[in-house]
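Take a look at the structure below.
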Amino acid sequence: MTQDSTIDIERLIETFPREGVSLDSDSITYRPLPAREADTLPSGEVLRPTLAERYPFEPFRHQADALDALDRDENVTVATSTSSGKTDIYALQIARNLLDSGVLAPDGSRTGDAGATALCIYPTKALAGDQRESLADRYDEMGLDVRVARYDGDTPQSERREIRERADVILTNPMGVSTYLHDHDRWSRFYTGLDLVVLDESHTHTGVQGMHVAWILRRLRRVVSHWGGDPQYVLTSATIGNPEEHSEELLDEPVTVVDEDGSPRGPRDLLLWNPPPSGSGEERGTFAADDPPSAPGVDGGISSRVPASVDAPRLWNHLTYHGVGSLLFCPSRKLTEIAVRRAAEHRSEHPGYYRATNGPFPSLEAYNAGMGRITRQKRESSFKDGSLAGLATTSALELGIDIGDLDGVVLLGYPGQRQQFWQRIGRAGRGGSRSVGVLVADHRTLDQYVVDNPEYLLDTDVEDAVVDTDNDAVFAQHLLCAADEIALDRADIGRFASEERLRAGVEMWRRAGRLTGYLDAVVHYAGARRPQTEVSIYGTGGDEYELRLADDVDEAAVGDFDAENVARNRAFRDYHEGAVRLFDGQQFEVTAIHDDRPQPVVELEPVDREYYTRTLSDVNVVDAESERSREVNGFTLHFGTGTVLVHHHSYDQVYVESNEPKERMLPTARPPIRMETQLCWVEVSEEIERGLLEKYREYGTETGVDAERAGTPQIGYVAGLHAAEHAMIKTAPLELLVDQGDLGGLSTLVLDSHYASPEHDELGATAERSLDAVEAVIADRAESSTGTASGWFIYDGVEGGIGFARAIYEEFETLAAHARDQLRNCECGRPDGCPACTYSENCGNDNAPLLRESAIDVFEHLIGDRTRADLDLADADESERRPALFYA
Amino acid sequence: MAGDSSLDLLSVPADAGHRLSRTAIEDALAYFDPDAVCLPGEFDPELYGGVRTVATVPVIAPRAGTDHVGHHGRAREGEVVDTAAVDPTTMTHELVSVRESSILAETDTVLPNGEDAGEDLPTVLVVPDLAVEHDPTTLTARLPHLDALAEIQNALSGPLTVLAGSQPANYHHPWDTGSGGPVTVHGMGGGADGSRLTLLSCTPSGAVAGESVDADSFGLRAIHGVGAKTEASLHRQGITTRSGLAETPVATLADLPGVGRDSAERMHAHAEVIETGDPLRLTNESLPALRNGRPPICLDIETDGLSPTVVWQFGVYDPETDEYTAFIEDETPSDPGRNVRQFCDHLFASHAERTILTWNGDGFDYPVIERFVRQHAPKYVEAWQDLWKHDLYSWGVRDGNALLPGRTNKLDDVSRALGYGGGETGLTGAQTAAAYQRFMRAPDDPAAEPDWTRHERYCEDDCRALWHVWQAIEDAERRDPSDSATDSGGQQTGLTDF
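So the protein sequences, as listed, match chains G and A.
Mapping to the working numbering: the first sequence position 106 is 107, numbers consecutive.
Mapping to the working numbering: the second sequence position 200 is 206, numbers consecutive.
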């Protein structure tokens, strides 16, 4: 879509309006990636004549491999890059099935209604809609009369019956599949003939979501089998470290992996770009002002660089000005809108470099899921047809929504996972043309690590996608659904789940009154409402807030305002009263919130402010109750329940121009969000604690905190606890199949104060106004208690708990050993560690204070590799006042 | 109710209590006619006082006051009084209520003073805060204080029924104990189910049959369109009963705040319908067309649960010949095909040209039958699809073509309110399914065999009730529209004219 299709990376960099910038600069890492030739076969070798003569391309090697495997009755996972023709694989397989079953005659016309059907499952409705178009177009092109239809929440009731009864291919999403299973009688024709199930972008099904999808697929298999269907499976996935294992866990069926990519790729110029130090004449901005919220009052450590949120839009402007149509990937919706503004500012600041010579400047717009379907669709097509030169987007465009060709991708900050990095970079350069991918590092720790150690990003493997079906809480939900769909009986033993699990689950629900009957005969669902409605695929519940214009706003003046609903946590964070947000480049301020209505509402008014707002949040754990505990080498491990509180408590107003704060810590008037969940925690043995407090008394700024706080004598020790907590969460996936994002933690010097106790009121219940009160109470308790222990919590990030914390409790020693290894073997040489060993992207305290050495000590004592004799326990002052320090 | 041998206890959970006005309470008491009322929820003085002023039977509120345990007994005539006042020789039940479950451990306090009078008297034990705890992360469920309950049960010579105040009304489970037999726990309607009143009929053998009705089905709120606010407005106007509402002119009703003309019409009509027991046609829609003008074949089925693995009874009633035919799978429940085929053979041989009628067939019977026909009698699939099939519940209630009397939309409520006086009240669908499930588990065990004759009678009863409802609606059609007691003057054929 760009006018100038040759990219000269050297010239591009050198024309950038900044002194001393070239491919050789220290702040830039340049890595050219060679082109890859297409590896194709003649279509006659891969497809039968009817299809070969209709298919407009020569199949790539991996497409041929996949189709061959399908021919051998195998299930296939295709794990190749974006736009390598994965859709065509299943489009062709569907065509083959329809021809074989006689629904399609060799001339492409229809001979009947009954026959091979296919179900295609996409992670989002938007993707399903997009792919419906692609599939329909492909079949049109091939002259095959295949009926392709979407079926989901957006499908009008009046059309549904016809689709079920006549469509060949139905496209939907996992929640749709789950919901419609309740009425599977209506789908009998479709399920009886089901020959193919496609799971698109399967790598996205991980963690809690992945668990639900795995069970939904098992329920689907059961129902389809009841009707006589026996489908094959095709999974399409991005490149991940473990495609076979992941697919088999999702499907509970064997798969053949096809991952040798035969699609061509043009040469690619990769740049890792580190913005210049601030105060270098360019900027006086202190830290990345519009980052996702971090803890209050914590500076981002050594923050002397221009933020990515300022520099990346400049680069983006530069590329698009020079004809490189580009996406700018931003970590937040707000940033997509700010980026567009900043790109425009860059142009106007350097009129010498950016002249509007032939008409107006190339058009740049924002794109994110908060915008409403109509706006998004308009922008997708504008970008595709070239009227838009650039889109600033969130992860909404990471997946395969078709926006045509693009030549460049700029990442505003490192997305946190290598897999995501490559997925996004891979969006550029379709076909054989040259493309550019730029990572603009933020001042933050992960990003700085990547630019300092490019081989971590560019030369080592991508992450594994993890999904685990051992989780009994999720199984129990789906067990009810399965019983409702088709009564459970012996045939399900070893098929739907193991005998032990089925019996335990059935017995539990029988006792609770939601199932009746016996597995040896038959088990029915006996509850009041559809169990499918209780399944929440993301594991989060909560109300959604509607965004709307306030009553007295002149709607005509505002124009199109279609914004989608937001979940409660986001509503509290981004749409508190006084928040200033951009929609379509226009500023709005939140003027009122109505929480108590059946449909909660946020009201907005258009404004023109010189600042934007940034929210600050607190996290804490309270009312912890131990249910089980055990001793390990003097440490006490606990497992139980508690309340996790998240409080988006205040916000800063920050000048748009300079990123300097205008006003700080304004109240959001939002209450804390409570989550009852399961946690495990460890109490450090008293002696060890005394010894370590003493040993690390002198440590201060090494832990990453500023000089002011470095004076606290306990900082060194607590930094060790904090690092230990991080390290355990980071290494948990080595042992357990869990995503780091599903866990949370809190390290604390005053463990007891976080406990529930009969003498104290429930803290969680009283945290109605703010976490300050809670923190004050904790500090208070710490003050008045004698000999409180220290340690850290790890909790399940899902309401009600979901088994991770329990598993960590049970495997604690093993995990501690892994964590200790990770900390000890890391070559970063830094006292506070690095992204590989101690830093966590979910840290609520911006990764400070942390101290590797102290953490290693704690672990070694816990595992038993060190003993008390190794500590110098003399002279430790037992009566020392203990401040209430805790860090997430 | 007096005279039979069950202890009829009306459970009014806290949530239900909040929605009951005084007349609603009166209404509920008249409807259920209990031996005693029990309020298992947190003590609510308004509800307690309200029920006590209206009730002529004892009101037991275990969580009120400071007493840990309450002892009552039921005398043969149905009177429930303090144990001390009952003549032991005429007692039919012991009724014990504890304030909270922790008291159960004090067996001596809980058990009726002294021993029961040598008879194996059934004991009903009300535990207001007893709730089943389940933990999905470990796939376990437990009943707190099960050991204490087992001890209590072992000390009694008669059967024990435990009523758990925090469990839904249809909850029923025998909990295995280490010693002696299982402890059977029944729910009283608390928890998520909280807005329903439940009459628990505790039989001498220890079994409990429950009938639940939503609180909004009593008093004025039973009327369409009357919620809390409108009820309050009506009360302020001095209108507190349904008959009062029916006697108030529509124009007066329409003047009330928040009540428009349409709502007033509908309210008035519904009140009349409930009071008179006559259905009212709301639209000009005629009843669904009958093939060849012949009366419909009334059909009802029984299955082993809501996701059926077997349709074990097909009931077919032909009003033309007044003949009832049943197809029952009473031998091999694991082979559902036989019964389906026999039903199909009969249906198509005799009634292929007729119209089939059900109550809620669209929601249950028809999809289920179609599924079983596909799987076990596929030759008949097309013929089944070609049959004219109607669902009177869909036509009347879902499509809003008629206002029917009856507190709920269940067939037996509606038919009874329309004057159908058929056989004795049947079991609930859930109970019937449970009985059959026991049979399925041990089809050769005579102890597990249901009383087939009885079940056949219930099913026949349902079919006849359906026919009665159809006729009542038909008659309503032929009623002269100007008989409607409104003062709007002029003719009307249905409310949609306005």
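Each residue gets a CB set at the ideal place from its N, CA and C atoms; glycine is no exception.
Bear in mind that the values here come from a model prediction, so they are computed numbers and not experimental data.
Can you have a look at ASN290 (chain A) and say buried or exposed, based on whether 16 or more other CB atoms are within 10 angstroms of its CB? As a first step, residue 290 (chain A) must be located in the second sequence, where it is residue number 284. Burial is judged here by how many other beta carbons sit within 10 angstroms of a residue's own beta carbon; ASN290 (chain A) has fewer than 16 and is exposed.
Helix or strand or just coil, what does DSSP make of GLY435 (chain A)? For the purposes of this step, residue 435 (chain A) is identified with residue 429 of the second sequence, where counting begins at 1. GLY435 (chain A) falls in the helix class under three-state DSSP.
Answer yes or no: do THR614 (chain G) and GLY579 (chain G) have a C-beta to C-beta separation smaller than 8 Å? Numbered from 1 along the first sequence, position 613 holds the residue referred to as residue 614 (chain G). Numbered from 1 along the first sequence, position 578 holds the residue referred to as residue 579 (chain G). Yes. Within cutoff.
Work out the CA separation of SER264 (chain G) and SER238 (chain G) for me, nearest whole Å. Start at 1 with the first residue of the first sequence, and residue 238 (chain G) comes out as number 237. Start at 1 with the first residue of the first sequence, and residue 264 (chain G) comes out as number 263. Cα to Cα, the separation comes out at about 15 Å.
For ASP468 (chain A), which of helix, strand or coil comes out of DSSP? Within the second sequence, numbered from 1, the residue matching residue 468 (chain A) stands at position 462. Helix, per DSSP.
Let me make sure I understand the geometry here. Which of G:GLY326, G:ASP138, G:VAL198 has the alpha-carbon closest to that of ASP386 (chain G)? Reading the first sequence from its first residue, position 385 is the one you call residue 386 (chain G). Per the Cα distances, G:GLY326.
Kindly list, in the order they appear in chain A, the residues whose Cβ is closer than 8 Å to that of GLU812 (chain G). Working through the first sequence from its first residue, we reach residue 812 (chain G) at position 811. Within 8 Å Cβ-Cβ: nothing; GLU812 (chain G) doesn't reach chain A, min ~16 Å.
Run down chain A in chain order and give the residues with a C-beta less than 9 Å from the C-beta of ARG342 (chain G). For the purposes of this step, residue 342 (chain G) is taken as the residue at position 341 of the first sequence. Within 9 Å of the CB of ARG342 (chain G), no CB atom of chain A is found; the nearest one sits about 47 Å away.
Going along chain G, which residues have a C-beta under 7 Å from ARG344 (chain A)? Mapped onto the second sequence, residue 344 (chain A) falls at position 338. Those do not exist, as ARG344 (chain A) stays about 17 Å from chain G at its closest Cβ, beyond 7 Å.
Assess contact between the segment 448 to 467 of chain G and the segment 411 to 431 of chain G, defined as three or more Cβ pairs (one per stretch) separated by less than 8 Å. Is contact present? Three or more Cβ pairs closer than 8 Å define a contact, and the segment 448 to 467 of chain G meets that threshold against the segment 411 to 431 of chain G.
Could you tell me whether the Cβ of HIS525 (chain G) comes closer than 8 Å to any Cβ of chain A? The residue you call residue 525 (chain G) lines up with position 524 of the first sequence. At least one chain A Cβ lies under 8 Å of HIS525 (chain G).
Expressed to the nearest angstrom, what Euclidean distance is found between the alpha-carbon atoms of LEU83 (chain A) and THR143 (chain A)? Walking along the second sequence from the start, residue 83 (chain A) turns up at place 77. Walking along the second sequence from the start, residue 143 (chain A) turns up at place 137. Strictly speaking, residue 83 (chain A) in this sequence is Glu, with Leu absent from that position. When the Cα atoms are used, GLU83 (chain A) and THR143 (chain A) turn out to be separated by approximately 50 Å.
Extent of the continuous beta strand (DSSP E) run through GLY643 (chain G): Within the first sequence, numbered from 1, the residue matching residue 643 (chain G) stands at position 642. Under the DSSP assignment, GLY643 (chain G) falls in the beta strand (DSSP E) whose first and last residues are 636 to 656.
Return no unless some Cβ of chain A is closer than 8 Å to the Cβ of MET509 (chain G). Counting from 1 along the first sequence, the entry for residue 509 (chain G) is found at position 508. So yes, MET509 (chain G) belongs to the interface.
At what residues does the alpha helix (DSSP H) containing PHE384 (chain G) begin and finish? Taking the first sequence and counting its residues from 1, the one referred to as residue 384 (chain G) is at position 383. Run containing PHE384 (chain G): 374 to 386, per the alpha helix (DSSP H) assignment.
Starting from ASP186 (chain G), find everything on chain A with Cβ-Cβ shorter than 9 Å and list it in chain order. The residue labelled residue 186 (chain G) in the question sits at position 185 within the first sequence. The contacting residues are PRO373, VAL374, GLU376, ARG377.
Report yes if the C-beta distance between LEU750 (chain G) and LEU886 (chain G) is below 8 Å; otherwise report no. In the first sequence, counting from the first residue as 1, residue 750 (chain G) sits at position 749. In the first sequence, counting from the first residue as 1, residue 886 (chain G) sits at position 885. With contacts defined by Cβ atoms closer than 8 Å, LEU750 (chain G) and LEU886 (chain G) form a contacting pair.
Going by beta carbon distance, what residues of the same chain come within less than 6 Å of ILE689 (chain G), once the five residues before and after it are set aside? Within the first sequence, residue 689 (chain G) is the residue found at index 688, counting from 1. Hits under 6 Å: HIS862.
Cβ-based neighbour list, ALA53 (chain G), same chain, cut-off 6 Å, excluding 5 preceding and 5 following: Residue mapping note: residue 53 (chain G) aligns to position 52 of the first sequence, counting from 1. Sequence-distant partners of ALA53 (chain G) (beyond 5 residues in either direction) whose C-beta falls short of 6 Å from its own C-beta, in its chain, are SER44, GLY45.
Are PHE224 (chain A) and ALA90 (chain A) closer than 8 Å when you measure CB to CB? Position 218 of the second sequence holds residue 224 (chain A). Position 84 of the second sequence holds residue 90 (chain A). No, the pair does not count as a contact, with Cβ atoms beyond the cut-off.
Quick one: is ILE303 (chain G) buried, meaning 16 or more other Cβ sit within 10 Å of its Cβ, or exposed? Reading the first sequence from its first residue, position 302 is the one you call residue 303 (chain G). With a pLDDT of 36 at ILE303 (chain G), under the threshold of 50, the modelled position of this residue cannot be trusted; read the value that follows with caution. Exposed, by the Cβ-count rule.
Using a Cβ-Cβ cut-off of less than 8 Å, give me the residues of the segment 309 to 325 of chain A that come near chain G, in sequence order. Under the 8 Å Cβ criterion, the segment 309 to 325 of chain A contributes ASP310, GLY311, LEU312, SER313, PRO314, THR315.
is_contact[SER499 (chain G), chain A] using C-beta, thresh 8 Å: Residue mapping note: residue 499 (chain G) aligns to position 498 of the first sequence, counting from 1. Not one beta carbon of chain A lies nearer than 8 Å to the beta carbon of SER499 (chain G).
Quick one: which chain G residues come within Cβ less than 7 Å of MET446 (chain A)? Within the second sequence, the letter at position 440 stands for residue 446 (chain A). Within chain G, the residues near MET446 (chain A) are ALA522, VAL523.
In the DSSP assignment, find the unbroken beta strand (DSSP E) run with PRO668 (chain G) in it and report its ends. As a position in the first sequence, residue 668 (chain G) is number 667, starting the count at 1. For PRO668 (chain G), the uninterrupted beta strand (DSSP E) run begins and ends at 662 to 668, by DSSP.
On the DSSP bridge assignment, give the partners of GLU604 (chain G) in chain order. For this step, residue 604 (chain G) is matched to residue 603 along the first sequence. Answer by DSSP bridge pairing, in chain order: G:ARG549, G:ALA593.
I'd like to check one pair, VAL168 (chain A) with HIS192 (chain A): are the Cβ atoms closer than 8 Å? The sequence position of residue 192 (chain A) within the second sequence is 186, counting from 1. The sequence position of residue 168 (chain A) within the second sequence is 162, counting from 1. The answer is yes: Cβ separation under 8 Å.
Short-range partners of chain G found in the segment 141 to 152 of chain A, where Cβ spacing is below 9 Å: Per Cβ criterion, the list reads ASP141, PRO142, THR143, THR144, LEU145, THR146, ALA147, ARG148, LEU149.
Assign CYS482 (chain G) to one of three DSSP states: helix, strand, or coil. Working through the first sequence from its first residue, we reach residue 482 (chain G) at position 481. CYS482 (chain G) falls in the helix class under three-state DSSP.
For the segment 199 to 210 of chain A against the segment 163 to 182 of chain A, are there 3 or more C-beta pairs whose distance is under 8 Å? Verdict: yes, contact present.
N-terminal and C-terminal residue of the alpha helix (DSSP H) that ASP866 (chain G) is part of: Here residue 866 (chain G) is taken as the residue at index 865 of the first sequence, counted from 1. ASP866 (chain G) -> no alpha helix (DSSP H), and no H or E assigned at all.
Can you tell me the Cα-Cα spacing of ALA4 (chain A) and ARG167 (chain G), whole angstroms? Summary: the structure shown does not reach residue 4 (chain A), with chain A confined to residues 7 through 504, and so no result is reported for it.
State the Cα-Cα distance for the pair LEU1 (chain G) and GLN233 (chain G), rounded to the nearest angstrom. Residue 1 (chain G) lies beyond the range of chain G shown here (2 to 889); nothing can be said about it.
How many Å lie between ALA546 (chain G) and VAL623 (chain G) at the Cα? The residue you call residue 546 (chain G) lines up with position 545 of the first sequence. The residue you call residue 623 (chain G) lines up with position 622 of the first sequence. Position check: residue 546 (chain G) holds Tyr in this sequence, whereas Ala was assumed. Those two C-alpha atoms are separated by around 27 Å.
Using a Cβ-Cβ distance under 8 Å, would SER189 (chain G) count as near chain A? Start at 1 with the first residue of the first sequence, and residue 189 (chain G) comes out as number 188. At least one C-beta of chain A is nearer than 8 Å to the C-beta of SER189 (chain G).
Endpoints, the beta strand (DSSP E) within which HIS382 (chain A) is located: Residue 382 (chain A) sits at position 376 when you count from the first residue of the second sequence. No beta strand (DSSP E) contains HIS382 (chain A), which is instead part of the alpha helix (DSSP H) from 372 to 382.
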